[in-house]
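The sequence shown begins at 1 in my numbering and counts up by one. Glycine is no exception: its CB is placed at the ideal position from the N, C-alpha and C atoms. First comes the structure, then the notes that go with it.
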Amino acid sequence: MPSYPKRVLGLVTIGQSPRDDIVSQMLPLLPAGLGIRQAGALDGLTREQVAELAPDPGDYILHTRLRDGSAVTVGRERIEPLLQDCLNRLQGEGANPIVLLCTGEFPGLRSDALLIEPDRLLFSVVRGLGVRRVGILVPLPSQIGDAAEKWKVLGAEMVFAAASPYRGHVELTRAAEELRGHPLDLVVMDCMGYTLAHKQVVMHATGWPVLLASRVVARVVGELVE
1 MPSYPKRVLG
11 LVTIGQSPRD
21 DIVSQMLPLL
31 PAGLGIRQAG
41 ALDGLTREQV
51 AELAPDPGDY
61 ILHTRLRDGS
71 AVTVGRERIE
81 PLLQDCLNRL
91 QGEGANPIVL
101 LCTGEFPGLR
111 SDALLIEPDR
121 LLFSVVRGLG
131 VRRVGILVPL
141 PSQIGDAAEK
151 WKVLGAEMVF
161 AAASPYRGHV
171 ELTRAAEELR
181 GHPLDLVVMD
191 CMGYTLAHKQ
201 VVMHATGWPV
211 LLASRVVARV
221 VGELVE
């Protein structure tokens, strides 16, 4: 039988690597033995340096996790160059495809490797379902405005709620109960940091079908690298 070169999957987080919390959600849907390389925009930075990347008023807000498990908020414009450096480095190490572990929009990123941006993939899946009433769960209330702008072209009735994936289940349950008050076709967990445990909380609280971003992405990546 012919011998094929081993695939190397690149994973880039807007926080610090490794993101075992996200990778653990994806691995069951990926082929065994797949090589994985990770890089993070905030790798090697001190707390003080990370604080300097906080968003200014009007910035596109991103919520992520540091290696110690703590959550931070950064501005997109300030970390995009760091993300581009990560892409360049992983591409140089032979990673292809490369997955951005964030559902935010990053129109300025470029890669010669196949770059998988979850926001585009997740939106396309939801649009393909033809649903009319969608609940969108994002990490922070301050992100709802940008999320509404992104999802409005879906042409569906939208309901938004916020709960960080890094603060336990109390906040998540409250947000899910907000969504429960609306007749929805499905709920989209619009952040790669949400886990299967988070999905189960939302499903139990709402009774609606739930799409988990990390699992949607993993299923597509699994097809590409199989």
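Top-ranked residue by Cα proximity to residue i, from the options
| i | options | result |
| --- | --- | --- |
| TRP151 | ALA163, LEU122, GLU171 and LEU179 | LEU122 |
| ILE36 | SER17, LEU9 and LEU30 | LEU9 |
| GLY234 | LEU140, ASP112 and ARG76 | A question about residue 234 goes unanswered here, because the residues of the chain that appear run from 1 up to 226. |
| ILE61 | SER24, CYS102 and ASP68 | CYS102 |
| GLN84 | ARG174, VAL74 and PHE106 | PHE106 |
| LEU212 | ARG174, ILE144, VAL138 and GLY168 | VAL138 |
| ASP146 | GLY75, GLU177 and THR206 | GLY75 |
| TYR166 | GLY128, VAL153 and HIS63 | HIS63 |
| GLY33 | GLN16, GLN25, ARG7 and LEU82 | ARG7 |
| ASP68 | ILE144, ASP21 and PRO57 | ASP21 |
| PRO57 | GLU48, GLN49, LEU172 and GLU77 | GLU77 |
| LEU186 | GLY15, GLU48 and LEU129 | LEU129 |
| GLY124 | LEU114, VAL220 and ARG19 | It is Ser, not Gly, that sits at residue 124 in the sequence shown. The candidate whose alpha carbon is nearest that of SER124 is VAL220. |
| GLY15 | LEU82, GLU48 and LEU172 | LEU82 |
Between the CA atoms of residue j and residue i - distance to the nearest angstrom
| i | j | result |
| --- | --- | --- |
| PRO28 | ALA41 | 25 Å |
| PRO97 | THR13 | 14 Å |
| ARG120 | GLY108 | 14 Å |
| PRO2 | LEU66 | Any reading at PRO2 is ruled out, since the residue's pLDDT is 43, under 50, leaving its predicted position unreliable. |
| SER142 | ALA71 | 15 Å |
| VAL210 | VAL225 | 25 Å |
| ASP59 | VAL153 | 21 Å |
| LEU30 | ARG174 | 33 Å |
| SER214 | CYS191 | 8 Å |
| THR206 | GLU80 | 36 Å |
| LYS199 | ALA176 | 10 Å |
| ALA162 | ARG19 | 22 Å |
| GLU223 | ARG110 | 23 Å |
| GLY168 | GLU48 | 25 Å |
| ASP112 | GLU93 | 13 Å |
| LEU172 | ILE144 | 15 Å |
| GLU52 | MET26 | 31 Å |
Proximity below 8 Å, CB of residue i to CB of residue j
| i | j | result |
| --- | --- | --- |
| LEU11 | VAL99 | yes |
| ALA95 | THR73 | no |
| VAL126 | VAL188 | yes |
| VAL216 | ILE116 | no |
| GLN38 | SER24 | no |
Burial state of residue i (16 or more Cβ within 10 Å)
| i | result |
| --- | --- |
| THR46 | exposed |
| SER164 | buried |
| GLY104 | buried |
| VAL170 | exposed |
| TRP208 | buried |
| PRO118 | buried |
| ALA44 | A small correction: the amino acid at residue 44 is Gly; Ala does not occupy that position in the sequence shown. The residue is exposed, with fewer than 16 neighbouring Cβ atoms inside 10 Å. |
| HIS204 | exposed |
| VAL50 | buried |
| ALA148 | exposed |
| ILE114 | The question names Ile, but residue 114 is Leu in the sequence shown. LEU114 should be labelled exposed. |
| TYR4 | Note that TYR4 scores 47 on pLDDT, short of 50, meaning its location in the model is unreliable; the coordinates nonetheless yield the value given after this. The residue in question, TYR4, is exposed, as its Cβ has fewer than 16 Cβ neighbours within 10 Å. |
For the region 167-183 and the region 76-92, state whether three or more C-beta atom pairs, one from each stretch, are separated by less than 8 Å.
no
With three or more C-beta pairs closer than 8 Å as the rule, is the region 143-158 touching the region 119-135?
yes
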